[in-house]
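Q: I am attaching a structure below and will ask some questions about it afterwards.
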Amino acid sequence: MPVDVSKQYKTSKNLRTRANLHRTYANKSWFNWACGQAGFKAGSNIADIGCGTGWFWDQNQNALPSGLFVSLLDQSAQMVAEAQETLGKLSAITQVSGHVEIAEALPFEDASFDFVMALHMVYHLSDPDKALNEMRRILRPDGKVMIAINDSSNLKKVYELNSQVFDVAPVDPSTVMAPPAKVAAMLAQRFDKITQLIYEDVYAIENAEVIFSTLTSYPPGSNATEEQQAQLISTIGERLEQSGGIIRSPHKVLLFIAENPR
Ligand SMILES: C[S@@+](CC[C@H](N)C(=O)[O-])C[C@H]1O[C@@H](n2cnc3c(N)ncnc32)[C@H](O)[C@@H]1O
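Per full-length UniProt numbering, the sequence shown starts with residue 1, numbered consecutively.
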């Protein structure tokens with residue numbers, strides 16, 4: 001497990017900071033949309049790999065069919081504990097189990113899940129090939145794998161600010177770690193049917209503090225010197241002023257649904 005990933009997600013603090021940007025500016029719910037695309041059936045057996053705090057489940061509690069069996073897995077013990085507590089309160093969930101393990105070595109039997117989901121996590125994997133092989137291994141032959149990653153244009157105007165202060169590309173860093181075309185190709189090697197869906201929103205961001213907190217919640221911003229932090233604050237302020245007090249940026253996510261494992 002890379003040190004920066006275990007440090008980044010030791011608690012849910014950094015994830016909550018980033019979620020604040022989405023909570024403040026989203027015009028619709030990403031989690032509700034993704035759940036609608038999954039089309040879970042009553043009684044399904046689901047593995048949530050890199051489950052984080054379990055917000056997906058909490059926010060979809062009124063949309064879930066009954067009798068679900070959910071296995072939550074994350075490398076962070078605190079994330080698993082938070083998610084388990086959340087799901088334990090949901091009436092649609094018949095059984096929930098928590099697993100502090102890594103995606104590259106899943107502690108589950110072959111062909112044991114109807115759904116395997118990995119939302120916003122594949123870009124953290126140290127060995128994505130191994131993790132995708134594991135997801136395919138635990139999936140039933142008629143099951144579905146659902147993977148969400150950000151599109152390269154995601155929050156572009158926000159990440160352009162990052163590149164003015166740090167030596168990074170002016171794009172969402174997760175899309176450098178896991179380029180969408182590479183993820184699509186890796187899935188195509190393992191599944192005969194891949195459906196790619198696009199979720200798109202436009203954020204009108206007027207609060208400099210929300211942008212600053214987001215950009216300093218993970219590297220390189222989380223390791224910024226005081227001088228770099230000051231530079232980032234003034235860069236954000238200048239951009240807001242130039243753009244009439246509002247930075248408009250797409251929030252764009254790609255959802256892959258993979259079926260027919262090879
Ligand atoms: C950005 S969060 C996404 C959480 C959740 N899926 C969601 O959409 O809200 C990424 C999560 O993946 C977990 N993670 C990262 N690498 C992992 C790995 N190799 N194995 C298991 N979990 C991992 C992190 O601990 C973190 O909780």
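A virtual CB, placed ideally from N, CA and C, is assigned to each residue, including glycine.
Could you check if Gly103 belongs to the surroundings of ligand 1, using beta carbon to heavy atom distance under 7 Å?
A: Checking the sequence shown, residue 103 turns out to be Ala, not Gly. Checking every heavy atom of ligand 1 against the Cβ of Ala103, one is found closer than 7 Å.
Q: Check Ala105 in the structure and name its three-state DSSP category.
A: DSSP places Ala105 in coil when its eight states are reduced to three.
Q: Does the Cβ of Val202 have 16 or more other Cβ atoms within 10 Å, making it buried, or fewer, making it exposed?
A: Exposed, since its Cβ has fewer than 16 Cβ neighbours within 10 Å.
Q: Thinking just about the alpha-carbon of each residue, which of Phe256, Val165 and Ala42 is nearest to the one in Ala92?
A: Ranking the options by Cα distance to Ala92, first place goes to Ala42.
Q: Tell me the DSSP secondary structure of Gln231 in three-state form.
A: In this structure, Gln231 counts as helix in the three-state DSSP scheme.
Q: How would you call Lys144, buried or exposed, if buried means at least 16 neighbouring beta carbons within 10 angstroms?
A: Result: buried.
Q: Within its chain, find whatever has a CB closer than 6 Å to the CB of Thr175; leave out the 5 residues flanking it on each side and keep chain order.
A: Same-chain partners within the cutoff: Asn150 and Ser152.
Q: Throw me the rounded Cβ distance for the Met79 and Tyr123 pair, which I believe falls under 8 Å.
A: Contact doesn't hold; Cβ gap of about 16 Å is too wide.
Q: Residue range of the beta strand (DSSP E) that Met146 falls in?
A: It spans Leu139 to Asn150 - the beta strand (DSSP E) in which Met146 sits, taken as one unbroken run.
Q: Note down, one range per segment and in chain order, each beta strand (DSSP E) of at least 3 residues found wholly within the UniProt domain "Methyltransferase type 11" (48-147).
A: The UniProt domain "Methyltransferase type 11" (48-147) contains these whole beta strand (DSSP E) runs: 68-74, 93-100 and 113-119.
Q: What does the Cβ neighbour count give for Ser12, buried or exposed, with the cut at 16 atoms within 10 Å?
A: By the 10 Å Cβ count, Ser12 comes out buried.
Q: Can you give me the C-alpha to C-alpha distance between Glu104 and Arg239, rounded to a whole angstrom?
A: Cα to Cα, Glu104 sits roughly 41 Å from Arg239.
Q: Within 10 Å of its beta-carbon, does Arg136 have 16 or more other beta-carbons around it, so buried, or fewer, so exposed?
A: It counts as buried.
Q: Does the distance between the C-beta of Val5 and the nearest non-hydrogen atom of ligand 1 fall short of 7 Å?
A: Yes, Cβ of Val5 sits closer than 7 Å to a heavy atom of ligand 1.
Q: Is there at least one non-hydrogen atom of ligand 3 closer than 7 Å to the beta-carbon of Cys51?
A: Summarising the ligand content, the structure contains ligand 1 and does not contain ligand 3.
Q: With Leu232 and Val165 assumed to form a contact (beta carbons below 8 Å), what rounded beta-carbon distance in angstroms separates them?
A: The pair is a contact, with the Cβ atoms about 5 Å apart (cut-off 8 Å).
Q: Is any non-hydrogen atom of ligand 1 found closer than 7 Å to the C-beta of Phe56, if you look at the structure I gave you?
A: Yes, since a heavy atom of ligand 1 falls inside the 7 Å radius drawn around the Cβ of Phe56.
Q: First and last residue of the beta strand (DSSP E) that includes Gln196?
A: Its beta strand (DSSP E) spans residues Phe191 to Ile205.
Q: Do Ala185 and Arg248 count as a contact pair if the criterion is CB distance below 8 Å?
A: No. Outside cutoff.
Q: Does DSSP put Ile246 in a helix, a strand or coil?
A: Three-state DSSP puts Ile246 in coil, outside helix and strand.
Q: DSSP on Phe256, reduced to helix/strand/coil?
A: Strand at Phe256.
Q: Candidates Asn133, Ala169, Ser163 and Ser222: which alpha carbon is nearest residue 264's?
A: The question about residue 264 has no answer here: the residues shown for the chain are numbered 1 through 262.
Q: Measuring only the C-alpha atoms, how far is Ala63 from Glu209?
A: Straight-line Cα distance between these residues: approximately 34 Å.
Q: Determine which residues share a DSSP beta bridge with His251 and list them.
A: DSSP lists Asp201 as partners of His251.
Q: When you compare each of Thr86, Glu82, Leu72 and Gln95 to Ile102 by their alpha carbons, which one comes out closest?
A: Looking at the Cα atoms, Leu72 is the closest of the given residues.
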